[in-house]
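K.L.:
Here you go, one structure.
Residue numbers (this note's numbering): 84 to 512.
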């Protein structure tokens, strides 16, 4: 069989080597297959829609103010999509920027992690791949709710390890704004829309970006804690008042808090034990940006210094499967991540699902022709979170400028090294 790609002449697919059928451990060496071949996270990028909704602009009938929201969630603002803007649109924007800054490398597969697809059928990933001009690459949706990016990362690693793909484009995107009950202020204050993307590629063991291990889990007995009951084969949405079978997002907050803290803490401990790390060896801890109280509780139980926690929850809210790549892109844009740093990721979502991953950070430079360091620095310096712009984007492109500017003071770079407004660089496109 000959496959024809839009990226080049007809190519004949490589025969993949047999992959072990037994369940593989998520230990540190589980990503090492085919000799020294490993999966590397090359670069990340993020995208949020332009409409910024501060706590002061929330619906008056909710009866909440800025102090109430910040005290309970740590969130000061979130971004919302406009009419007709879908999850696929956001995923496309994040992925397009990532590919442009990487010099449009060849991509063999696209994995989209989302709980808010454009349609129940078909999957959203193939449409995103087509818009990106990726040709007939493999494309699939992964649904693990807010754990989606971790599960997608494991899928991308598996495609690389099995020899199916040399490079995978992974996107995590969600548009929860369209699924929220307009009368449910507890969910409404938390969620924002956004997308993040990462390139996962084959490379040599020990190289920067190496994925070092995973820990994944689920508990279906808690499936009713986080739900969108309507719209599936169990219960299709029908016109009428909101109720148990409707198409709105529902969450049992107190139970979710307890489960999220317990599951993410346990998953991280399991992975750290497999890797032989202790909490002090984690340079950056990137949990799913659910709410500030959950983040503090998990970090505290693990004994991780709060200064090592990567968060941008206060500016974008809970963006579902996009939260981890958005947080990584934001920290990278601020120059907080250094090549070789040990990074621990963890997430929890509906299902119930949870997972953790560990990697060494890769400081990927901007590809020639994708923008100069000076221009990037100027854009970052003049950006403010409130300034009008057609879009807000955070990408690894900003890292080159930030690294050059901070080269004399590398040791002092931390997650809070630069003002938050400068990290979310706003671009005209």
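We put the beta carbon where it would ideally sit given N, CA and C, even for glycine.
Keep in mind it's a predicted model, so treat the numbers as computed, not measured.
If I measure Cβ to Cβ from residue 362 and keep anything under 6 angstroms in the same chain, skipping five residues before and after, which residues do I get?
P.N.:
Once the five neighbours on either side are set aside, the close Cβ partners of residue 362 are 385, 386, 387.
K.L.:
By how many angstroms is the C-alpha of residue 380 removed from the C-alpha of residue 478?
P.N.:
The predicted model places residue 478 with a pLDDT of 44, which falls under 50 and marks its position as unreliable, so this point remains unresolved.
K.L.:
Please work out which residues of its chain come closer than 7 angstroms, Cβ to Cβ, to residue 223, disregarding the five sequence neighbours upstream and downstream, and give them in chain order.
P.N.:
These residues qualify, in order along the chain: 194, 206, 208.
K.L.:
Taking the alpha helix (DSSP H) that residue 183 falls in, what are its first and last residues?
P.N.:
170 to 184 is the span of the alpha helix (DSSP H), which, as asked, contains residue 183.
K.L.:
For residue 144, does the count of other Cβ atoms within 10 angstroms reach 16, so buried, or fall short, so exposed?
P.N.:
Residue 144 comes out exposed.
K.L.:
Report all residues from its chain with a CB closer than 6 angstroms to the CB of residue 214; omit the five preceding and five following residues, and keep chain order.
P.N.:
Counting only Cβ-Cβ distances below 6 angstroms, and skipping sequence neighbours, we find 175.
K.L.:
Is it the case that the CB of residue 416 approaches a heavy atom of the ligand MG more closely than 6 angstroms?
P.N.:
Among the components modelled here there is no ligand, and therefore nothing to report on the ligand MG.
K.L.:
Thinking just about the alpha-carbon of each residue, which of 416, 278, 401, 423 is nearest to the one in residue 431?
P.N.:
The residue with the shortest Cα to Cα distance from residue 431 is 401.
K.L.:
If you draw a straight line from the alpha carbon of residue 311 to that of residue 287, how long is it in whole angstroms?
P.N.:
Those two C-alpha atoms are separated by around 42 angstroms.
K.L.:
Checking 7 angstroms against the spacing of the C-beta atoms, do residue 412 and residue 227 come in under that value?
P.N.:
No, Cβ-Cβ distance for residue 412 and residue 227 is not below 7 angstroms.
K.L.:
Using a Cβ-Cβ cut-off of 6 angstroms (strictly less than) and excluding sequence neighbours within five positions of residue 172, which residues of its own chain qualify?
P.N.:
Cβ neighbours of residue 172 beyond the five flanking positions: none.
K.L.:
Quick one: what does DSSP say residue 272 is sitting in, helix, strand or coil?
P.N.:
Residue 272: coil per DSSP, three-state reduction.
K.L.:
Helix or strand or just coil, what does DSSP make of residue 201?
P.N.:
Note: residue 201 maps to coil in three-state DSSP.
K.L.:
Assuming residue 366 contacts residue 391 under a Cβ cut-off of 8 angstroms, what Cβ separation, rounded to an integer in Å, is found between them?
P.N.:
Going by Cβ atoms, the distance from residue 366 to residue 391 rounds to 7 angstroms, so yes, they are a contact pair.
K.L.:
From residue 148 to residue 273, what does the alpha carbon distance come to, in whole angstroms?
P.N.:
So the two alpha carbons sit approximately 13 angstroms from each other.
K.L.:
Locate the beta strand (DSSP E) running through residue 126, then write down its first and last residues.
P.N.:
Looking at the DSSP string, the run of the beta strand (DSSP E) that includes residue 126 is 120 to 131.
K.L.:
Going by beta-carbon coordinates alone, are residue 177 and residue 292 separated by less than 7 angstroms?
P.N.:
No.
K.L.:
Just to confirm the assignment, what range does the alpha helix (DSSP H) spanning residue 349 have?
P.N.:
Where residue 349 is concerned, the enclosing alpha helix (DSSP H) stretches over 336 to 358.
K.L.:
Who pairs with residue 293 in a beta bridge, going by DSSP?
P.N.:
Its beta-bridge partners are 123.
K.L.:
May I ask you to report which of helix, strand or coil DSSP gives residue 382?
P.N.:
Note: residue 382 maps to helix in three-state DSSP.
K.L.:
Mark residue 319 as exposed unless 16 or more other C-beta atoms lie within 10 angstroms of its C-beta, in which case mark it buried.
P.N.:
When all chains shown are included, residue 319 counts as exposed.
K.L.:
Specify the secondary structure class of residue 391 as computed by DSSP and reduced to three states.
P.N.:
Reduced to three states, the DSSP call for residue 391 is helix.
K.L.:
Using a threshold of 7 angstroms, state whether the C-beta atoms of residue 242 and residue 192 are closer than that.
P.N.:
The answer is yes: Cβ separation under 7 angstroms.
K.L.:
In chain order, what residues of the same chain have a beta carbon less than 6 angstroms from the beta carbon of residue 275, not counting five sequence neighbours either side?
P.N.:
Result list for residue 275: 161, 162, 399, 400, 402, in chain order.
K.L.:
Hey, how far is the Cα of residue 389 from the Cα of residue 124?
P.N.:
Distance between the alpha carbons of residue 389 and residue 124: 24 angstroms.
K.L.:
Tell me the DSSP secondary structure of residue 162 in three-state form.
P.N.:
In this structure, residue 162 counts as strand in the three-state DSSP scheme.
K.L.:
Quick one, are the C-beta atoms of residue 408 and residue 290 less than 7 angstroms apart?
P.N.:
No.
K.L.:
Reducing DSSP to helix, strand and coil, say where residue 424 ends up.
P.N.:
Looking at residue 424 - three-state DSSP - the assignment turns out to be coil, as it is neither helix nor strand.
K.L.:
Taking 7 angstroms as the threshold (C-beta atoms), are residue 164 and residue 304 in contact?
P.N.:
No, the pair does not count as a contact, with Cβ atoms beyond the cut-off.
K.L.:
What's the gap between the Cα of residue 393 and the Cα of residue 406?
P.N.:
So the two alpha carbons sit approximately 11 angstroms from each other.
K.L.:
So residue 438 is in the beta strand (DSSP E); what residue range does that whole segment cover?
P.N.:
Run containing residue 438: 436 to 443, per the beta strand (DSSP E) assignment.
K.L.:
Given that a residue counts as buried once 16 or more other Cβ atoms are within 10 Å of its Cβ, and exposed if not, what is residue 415?
P.N.:
Result: buried.
K.L.:
Let's see if you can read the secondary structure: which residues bound the beta strand (DSSP E) around residue 152?
P.N.:
Premise fails: residue 152 lies in the alpha helix (DSSP H), 149 to 156, not in any beta strand (DSSP E).
K.L.:
Would you kindly work out how many angstroms separate the C-alpha atoms of residue 270 and residue 263, rounded to a whole number?
P.N.:
Taking the straight line joining both Cα atoms gives about 7 angstroms.
K.L.:
Near residue 135, what residues of its chain come up, given a Cβ to Cβ distance below 6 angstroms and the 5 sequence neighbours on each side ignored?
P.N.:
Excluding residues within five positions, the ones whose Cβ falls inside 6 angstroms are 160, 162.
K.L.:
Just the Cα atoms here: how many angstroms apart are residue 354 and residue 360?
P.N.:
C-alpha separation (whole angstroms): 9 angstroms.
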